[in-house]
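Scroll down for the structure; my scribbles are underneath it.
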Amino acid sequence: MIAWVPVAVPALVGLITLMLGETRGRARNAVNLLGAIGSSAVVVSLVRSAYAGDTFTSRIPMLPGLTFGVSTDLLGLLFSAVATVLWGVTLVYAIGYMDHARDRARFFGFFAWCISAANGVALAEDPISLFIFYEVLSLTTYPLVVHNGTPEALAAGRKYLFYALGGGAALLVGVAWLASIAGPTPFTPGGALGAVAGRNNELRAIFALMVAGFGVKAALMPLHGWLPGAMVAPAPVSSLLHAVAVVKAGVFGIIRLVNELYGPELATSLGVATPLALLAAATILISSVIALRQDDLKRRLAYSTIAQLSYITLGTALCSPLAAAGAVAHLAHHAVMKITMFFTAGSVYETLHVKKVSQMPGVARRMPLTMISFAVAAFALAGIPPLAGFASKWLLAAGAAEDGSVWAVLVYVTSGALAIGYMVPVLTSALRPGKHAPAAGPESDPRMLWPIVAVAVLTVVFGLTAGLPGSPTHWAITAIAPSFGGWTP
Amino acid sequence: MDTIGSLIPTGMGALRFAVDDIAVPFLALFAFLWLVSGAHAWATTPARERGRLFAYYVPSAIGGVGVAVAADAISFYLCFALMALPAWGLITHTRSAESRRAGAVYLTLTVIGEALLLAALVLMATGGDSLLLSEMRAGAAASPHAALIVALLLGSISLKIGALPFSGILPLSYTYTPAGAASALAGASVKVGALAMIRLLPADAVGADWVSAVMLLGLITAFGAAVMGVLTTTPRAVLGYSSASQMGLVLIAGGVSLGDAGATALAHGAIVAFALHHGLAKSALVLGADVAAHAKGRERTVALCALALPALALVGAPFTSGFVAKYALKDAIHLLHGPVPEAVYALLPLTAIGTAALMLRLFVLIRRETVGDPLPARPPVAPWALVLAATAIATWVWPAEWNRHAIESVVSPDSLWTATWPALVAIAGWQAMRLIPAVVRRLDGVVVPGDVLVGLTALLGRFDDHPRSTQVAATPTSARVERLRTVLTATEGRLLAWTTASTILVLLAVVLVTLALS
Chain A
853 MIAWVPVAVP ALVGLITLML GETRGRARNA VNLLGAIGSS AVVVSLVRSA YAGDTFTSRI
913 PMLPGLTFGV STDLLGLLFS AVATVLWGVT LVYAIGYMDH ARDRARFFGF FAWCISAANG
973 VALAEDPISL FIFYEVLSLT TYPLVVHNGT PEALAAGRKY LFYALGGGAA LLVGVAWLAS
1033 IAGPTPFTPG GALGAVAGRN NELRAIFALM VAGFGVKAAL MPLHGWLPGA MVAPAPVSSL
1093 LHAVAVVKAG VFGIIRLVNE LYGPELATSL GVATPLALLA AATILISSVI ALRQDDLKRR
1153 LAYSTIAQLS YITLGTALCS PLAAAGAVAH LAHHAVMKIT MFFTAGSVYE TLHVKKVSQM
1213 PGVARRMPLT MISFAVAAFA LAGIPPLAGF ASKWLLAAGA AEDGSVWAVL VYVTSGALAI
1273 GYMVPVLTSA LRPGKHAPAA GPESDPRMLW PIVAVAVLTV VFGLTAGLPG SPTHWAITAI
1333 APSFGGWTP
Chain B
1191 MDTIGSLIPT GMGALRFAVD DIAVPFLALF AFLWLVSGAH AWATTPARER GRLFAYYVPS
1251 AIGGVGVAVA ADAISFYLCF ALMALPAWGL ITHTRSAESR RAGAVYLTLT VIGEALLLAA
1311 LVLMATGGDS LLLSEMRAGA AASPHAALIV ALLLGSISLK IGALPFSGIL PLSYTYTPAG
1371 AASALAGASV KVGALAMIRL LPADAVGADW VSAVMLLGLI TAFGAAVMGV LTTTPRAVLG
1431 YSSASQMGLV LIAGGVSLGD AGATALAHGA IVAFALHHGL AKSALVLGAD VAAHAKGRER
1491 TVALCALALP ALALVGAPFT SGFVAKYALK DAIHLLHGPV PEAVYALLPL TAIGTAALML
1551 RLFVLIRRET VGDPLPARPP VAPWALVLAA TAIATWVWPA EWNRHAIESV VSPDSLWTAT
1611 WPALVAIAGW QAMRLIPAVV RRLDGVVVPG DVLVGLTALL GRFDDHPRST QVAATPTSAR
1671 VERLRTVLTA TEGRLLAWTT ASTILVLLAV VLVTLALS
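Protein sequences, first through last, are from chains A and B. Going left to right, the first sequence walks through residues 853 to 1341 as our numbering numbers them. Going left to right, the second sequence walks through residues 1191 to 1708 as our numbering numbers them.
Listed below in structure tokens is the structure:
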């Protein structure tokens, strides 16, 4: 039953939060923080067992022949750990950010439920369980997107729901079709479809449907339209859900689909991997160029997210072990880099009411620690060693080169250059002298400042330790190796 | 899985640095120049601005020195980025609009250069199945992507050293930078391109036509950048184009190093010799120009006389470091046979005419220059004197294969004459120009520092127009039309400048080719 803890604890926390109501703020904060710390501890111990080879599986029978189950394998735990640990960090930030906001019970309640659903997506042991969690995630995110209640937020929410439910429908058809021809297919490294090999056209159609389903949350162009709009949500939501949990659920689905449902071999021989790779490559380049033109900081970050998510999709679709490992590592690395930036954008807005890049002159003098953290994350994102982004980009590019896909290497380095192109103007704009005088006291609410510093430090640590046992890179390589039949780098 | 593959960097502990034969001269050069230039920058920067300058200078210096001893792909790329990216802060230190534009062009080209370098490193690492630079370089020849690797490396190196058509990056990055920092950029940072040639360009990986093409590109850069430099109006811009011109000569050696292993060894010697010679001499010129510009009366005359030493060295006058470096280069080229190497060999002495013209132009501009900006103190003379001393002796006393031949031939009248006549031709030409003052006035300053690259910013500005978006909002359509008009006029101006410069270059080329064939 321990396998259910990462899902059950946040779900319970969400329920208690809603029951506590709006007024009992201290109790709400305590329950949330304790829940985050507790489930983080459990996830860490599960990771230790998984590294030692012990995975726990737990199933609940639903219908005859249909089970709802979770399994604590190393790959799922990586996503689960990212979501759970960053949930704790984001809670501290959100408590500061939402200090004077309304409807905080609803906010924190649904927030916890989202984390519960994301953990479910991470640990689901078969496509049907994954689908259920994926849909729950879509629905629990909606109240957070429309939290402000403005017409703009409601419109963005409608758009989000339209995309999410459409994607969900495609995924449902794919999952049901697969179940009808193959029966239960728990995720297995290297592929779980040996029984139905040969039904190529059906398998291709199912792959396309499932990619369409996951592609919505993975913001694969042209399914990305909801993401920039959803930036109207409060900063903690953008930070955790749109950089970590929700969008990563999409790419994580693609990782499971390619590596552990179809398997790299079948995906290659069916000829479905290459179109996916090309789509991801186009997404990377197009959205990076669009990001160059965004003056609104959060929108710039949103388009950058779209590009970075496709790094992961492209790495997975290349079906080469190093690139696949790089993709999984990038899932964790991008999470810490992008959450730093969204935290920063929120903090700058909350402290100085600056939303646009062109309004940023003077911000670096006024909020030095915040902007240094942003700079660390920005350079990491652009792939400057020794920061986190470099480690995963190196694996992705080396995997592409080993595979002979020189074009993908060029896509990765081009988008790295474009990333500097859209990140550096934010920094240079903030460095210019402007109207903001240096802060007399602390530069911002410490509950917002220290989480930013913490995630920026993680960005550095993940880069410095890349490849050492326990680092996301090593973890990703260990988790991905079985999918490539005992491959060792 | 405790052992992890050869292609995966395992933490910071895995970064490898090594002091090998190649590292020693570069380490000495980079460490010396970054320190001495830093001392000059410290003394000439007002105390309240030091923090802002050195916040960029120190990381850049760490990267710039570390890159000499970087032994694997990751540490090399790390040091390269650490050196090149913070240099943006040095270039934009004055915060003027021009410096910001120069910074934007510099950063854009640098980032493109780094992307090309990273792609090359990734392909070399997977091809050689190693992260060690020596093994990667050895394995690159066997890689199925050998030609692509060489092309990526050459692209990256060209952007670093300012080969045509990117020569503008050097004058742009020197013009607005404080003198001390400019000296470090000119003396040390650009030489990383030379280091990259030795560390990365694989021998025997591509055919003889590549060797010829690269040598030609180097030769064209050597002449073309000199032409553009003579047409600019500030000492720093002249020095920038002079760097590009000299690095064109290094690129010729880089081209030779692509050939078979025998030529490679000699070419590497020439690259080291040139890096040492040009790094020290250029740094001495940048620092000296600053000292001379702030001196008055007799001191100024003494400073200008002292400045003649590095200037003569660049021209390759007898008994200077340039003499040794050019000798090494000639030796390397002489090893190759074929129409292109032979033509390059024949035309090489003529590049000194361009250099001599640049140096004359430099002296005219320094004498013309009046100094507006008050400094907290006069620029110190000690750092400059140190670099001058190093310029005078370094290539002579450095124990190496490449200078033996040059030292032996220093007293032969033949080589003395070869080293002297180009300077005399330039002086004669200079005197001849006095007969046609109207033409000279028209040509004066037709090239703005950065030439074509400045036009690029207008293009880039359209992709990334946020700094102007507030102004555009304040005054709608008319501002936009106005902006378009400015862009168009500016582009037209650039084109004119470019045409003038290239016409002169083409005429020069015709003369040179005729000379080579005769």
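Quick reminder that beta carbons are idealized off the backbone N, C-alpha and C, glycines included.
- In the DSSP assignment, B:V1505 falls within the unbroken alpha helix (DSSP H) covering 1487-1505.
- Among the CB atoms of chain A, one or more fall inside 8 Å of the CB of B:V1312.
- Rounded to whole angstroms, the Cβ separation of B:A1584 and B:S1511 is 6 Å, and the two are in contact under 8 Å.
- Chain order gives the chain B residues near A:A1269 as V1301, I1302, E1304, A1305, where near means a beta carbon separation below 8 Å.
- Here A:Y994 has G1009, Y1012, L1013 as same chain residues with Cβ atoms under 7 Å from its own Cβ, once five neighbours each way along the sequence are excluded.
- Contact between B:Y1267 and B:L1311 holds, with the beta-carbon distance rounding to 6 Å and staying under 8 Å.
- Contact between A:R1108 and A:F1039 is confirmed by a C-beta separation of about 6 Å, below the 8 Å threshold.
- When the beta-carbon positions are compared, A:S897 and A:P862 stay at least 8 Å from each other.
- The CB of A:L1262 comes closer than 8 Å to the CB of A1309 in chain B, given here in chain order.
- Counting only Cβ-Cβ distances below 7 Å, A:I1332 has no contacts in chain B at all, with the closest Cβ about 11 Å away.
- Residue pairing by DSSP places A:I912 opposite A:F920 in a beta bridge.
- A:K1150 carries a helical assignment under DSSP once its states are collapsed to helix, strand and coil.
- Residue pairing from DSSP places B:L1322 in a beta bridge opposite B:D1262.
- The beta carbon of B:L1268 falls within 8 Å of a beta carbon belonging to chain A, placing the residue at that interface.
- Not a single CB atom of chain A sits nearer than 8 Å to the CB of B:H1467.
- At a cut-off of 8 Å between beta-carbon atoms, B:L1297 makes contact with chain A.
- Listed along chain B are L1197, V1312, A1315, T1316, each with a C-beta nearer than 7 Å to that of A:A1250.
- Scanning chain A for C-beta atoms nearer than 8 Å to the C-beta of B:L1338 yields V1258, reported in chain order.
- Closest in C-alpha terms to B:R1551, from the list B:H1467, B:W1588, B:A1463, B:S1432, comes B:S1432.
- The residue among A:A1101, A:S1172, A:A1197 with its C-alpha nearest the C-alpha of A:K1069 is A:A1101.
- Note on geometry: alpha-carbon atoms of A:G1020 and A:A935 lie some 21 Å from one another.
- Residue state for A:F1242 is assigned as helix, using DSSP reduced to three classes.
- Interface criterion not met: the Cβ of B:A1261 is under 8 Å from no Cβ in chain A.
- Close to B:H1335, with beta-carbon spacing below 7 Å, are these residues of chain A in chain order: V1258.
- Rounded to whole angstroms, A:F1104 and A:F963 show a C-alpha spacing of 20 Å.
- A residue is called buried when at least 16 other Cβ atoms come within 10 angstroms of its Cβ; A:R1218 meets this threshold and is buried.
- Inter-segment contact for the segment 1336-1353 of chain B and the segment 1303-1317 of chain B is present: three or more beta-carbon pairs are separated by less than 8 Å.
- DSSP lists no bridge partner for B:K1472.
- Taking a C-beta distance under 8 Å as the contact criterion, B:L1470 and B:G1352 do not qualify as a contact pair.
- Of all residues in the segment 1285-1306 of chain A, the ones placed with a Cβ closer than 8 Å to any Cβ belonging to chain B are P1285, in chain order.
- The residue among B:A1483, B:A1546, B:Q1621 with its C-alpha nearest the C-alpha of B:R1426 is B:A1483.
- Uninterrupted alpha helix (DSSP H) stretches at least 4 residues long and entirely within the segment 1579-1630 of chain B occur at 1594-1599, 1603-1623, given in chain order.
- Excluding the 5 residues flanking it on each side, A:L1072 has same chain C-beta neighbours closer than 7 Å at L1131, A1132, T1135, S1162, T1165, in chain order.
- In terms of Cβ geometry, B:A1372 and B:V1257 do not form a close pair [threshold 8 Å].
- With distances taken between CA atoms, B:L1360 lies nearest to B:L1349 out of B:G1370, B:L1349, B:P1368.
- In the three-state reduction of the DSSP assignment, B:A1251 falls in the helix class, which pools H, G and I.
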